[in-house]
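Under our numbering, the first residue of the sequence shown is numbered 15, with each subsequent residue one higher.
Read through the structure below, which is laid out as structure tokens, and then see the notes.
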Amino acid sequence: MSVETALKEVEQRIVAACQRVGRNPDEVTLIAVSKTKPIPVLQEAYDAGARCFGENKVQEIIDKYPHFPEASWHMIGHLQTNKVKYLVGRASMIHSVDSFHLAQAIEKECAKADCVMPVLVQVNVAEEESKFGVSVDETEALIRQIAVLPHVKVQGLMTIAPFVENAEENRGIFSNLYKLFLDISQKNIDNIAMNVLSMGMSGDFEVAIEEGATMVRVGTSIFGARDYR
Ligand SMILES: *Cc1c(COP(=O)(O)O)cnc(C)c1O
């Protein structure tokens, strides 16, 4: 299947999932997760209308950004503080903020560049030891800490759900994150917006949308399997 056909198919599945729960498909942004994929493959997606790309390595954003400066680049992987500087001016959102230490590094670099970085706080809803992210219980406290940083703007929450055979197994994870999202949103914390809920990947994005996702991060279903050799 071509990237174009696969992309269209994913877009149709997003619309169908929205329709099932009475949501407007305009509320859901598709992030095409292009990690490990070469420029010509991204070009196919771009030509078919993709405008948001997701990468989990800073180096790949550095390499690919100049080819598609009009696209928006989303950093979705674990981020080390010493690499933050390379994202300023390139990434339009960092989905993986999971410590005050990292938020402070973003603050420092964005203050230098006189810009504000939109970020999401990564929540390890499933409490998997292998995954980054703060626990549900720690999330509000971290958000309140970040709220005082003028060059970092929390826009919402992100989670990476466990790998499961049946997407339904992750429904509870998504609905728990949605509850936390509403909860924090109702606290009206200064300098904090709760309008982005980044959850759902190839295996489970439709369930995530049914449970309130506003961004889905889809790689394999658009670009095919990744080759890490
Ligand atoms: C790789 C990755 C995805 C996309 O995964 P697929 O299963 O290929 O759709 C989404 N989110 C994050 C954080 C990733 O690292």
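Beta carbons are placed, not taken as given, at the ideal position from N, Cα and C, and that holds for glycine.
Cβ-heavy atom distance, residue i to ligand 1, below 8 Å
| i | result |
| --- | --- |
| Met229 | no |
| Asn70 | yes |
| Ile90 | yes |
| Lys49 | yes |
| Arg240 | yes |
| Ile174 | yes |
| Thr43 | no |
| His109 | yes |
| Met15 | no |
| Ser235 | yes |
| Val139 | no |
| Gly217 | yes |
As assigned by DSSP and simplified to three states, the class of residue i
| i | result |
| --- | --- |
| Thr19 | helix |
| Leu211 | strand |
| Ile236 | helix |
| Ala30 | helix |
| His88 | strand |
| Ala46 | strand |
| Ile203 | coil |
| Arg158 | helix |
| Lys24 | Per the sequence shown, residue 24 should be read as Val rather than Lys. Helix, per DSSP. |
Limits of the alpha helix (DSSP H) - the one that residue i falls within
| i | result |
| --- | --- |
| Asn190 | 185 to 199 |
| Gln73 | 72 to 78 |
| Ala181 | Neither: Ala181 is in no alpha helix (DSSP H) and is coded neither H nor E. |
| Pro54 | 53 to 61 |
| Leu116 | 114 to 127 |
8 Å CB neighbourhood of residue i in its chain, flanking five on each side removed
| i | result |
| --- | --- |
| Gly186 | none |
| Val55 | Val17, Ser48, Phe237 |
| Ala181 | Gly217, Asp218, Glu220, Val221 |
Extent of the continuous beta strand (DSSP E) to which residue i belongs
| i | result |
| --- | --- |
| Cys66 | 66 to 69 |
| Val168 | 166 to 172 |
| His109 | 105 to 111 |
| Val135 | 131 to 136 |
Same chain, Cβ closer than 6 Å to residue i, neighbours up to 5 away in sequence not counted
| i | result |
| --- | --- |
| Ala140 | Pro176, Ile187 |
Close Cβ partners of residue i (< 7 Å) along its chain, the five nearest in sequence each way excluded
| i | result |
| --- | --- |
| Cys32 | Asn38, Pro39, Val42, Ile223 |
Exercise for review: Evaluate contact between the stretch 186 to 198 and the stretch 57 to 74, counting only Cβ atoms and requiring at least three cross-stretch pairs below 8 Å.
Suggested key: no
**Study point:** Contact the stretch 195 to 207 vs the stretch 21 to 37: 3+ CB pairs below 8 Å
**Key:** no
Check your understanding: Just checking, does the stretch 76 to 89 make contact with the stretch 103 to 118 on the three C-beta pairs under 8 Å criterion?
Key -> yes
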